[in-house]
Amino acid sequence: MDDLAGEEVSKERLRVILETIAREKSVNDACEELGIERVRFHELRTKALQAGIEALTPKKPGRKRKVKSAEELRIEELERKVSDLKQEVYTQSMKEAIHIALDRLGTSSTGDGKGGSQWTR
Numbered sequence: 660m661d662d663l664a665g666e667e668v669s670k671e672r673l674r675v676i677l678e679t680i681a682r683e684k685s686v687n688d689a690c691e692e693l694g695i696e697r698v699r700f701h702e703l704r705t706k707a708l709q710a711g712i713e714a715l716t717p718k719k720p721g722r723k724r725k726v727k728s729a730e731e732l733r734i735e736e737l738e739r740k741v742s743d744l745k746q747e748v749y750t751q752s753m754k755e756a757i758h759i760a761l762d763r764l765g766t767s768s769t770g771d772g773k774g775g776s777q778w779t780r
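Sequential numbering from 660 applies to the sequence shown in the numbering used here.
So this is what it looks like as structure tokens:
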């Protein structure tokens, strides 16, 4: 118990509780040693055992997900919209650049095959 973190009184209580569980000490002797009543001893033992069960309960690996505030969610939504709009602007500017380049080459960008291109036969 000495290498465990915690107050000395808590370590002593746990040691005595474990001794009663291992039947090395009676509940009466434990109560006398700790200077507490039987009811209080049973409360402490139940708390200690419950804490042990909770500590040993398997949990999902990794950190718990952080709950995001309404503001954080709104910021993420707006950042996605900005990204989508940037992509739309880029796509539109590329379409315009292609249209201008095709016009300079004398081809149709309509795709109907009727363009007056030097490449059309």
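From the three backbone atoms N, C-alpha and C, an ideal C-beta is built for every residue, glycine too.
Its chain contains T679, R697 and F700 as the residues whose beta carbon lies nearer than 7 Å to that of V686, once the 5 sequence neighbours on both sides are disregarded; these appear in chain order. Sequence-distant partners of A689 (beyond 5 residues in either direction) whose C-beta falls short of 8 Å from its own C-beta, in its chain, are V675, I676, E678, T679 and F700. Classified as exposed, R722 has fewer than 16 neighbouring CB atoms from the shown chains inside 10 Å of its CB. Going by beta carbons, R672 and L703 fall inside the 8 Å limit. The shortest CA-to-CA distance from L693 to any of G711, V668, T716 and A710 is the one to V668. Counting along the chain, the unbroken alpha helix (DSSP H) around A714 starts and ends at R697 to L715.
Taking the Cα positions, K725 is about 16 Å away from I734. Excluding its 5 nearest sequence neighbours in each direction, K670 has C-beta neighbours in its own chain below 7 Å: M660 and L663, listed in chain order.
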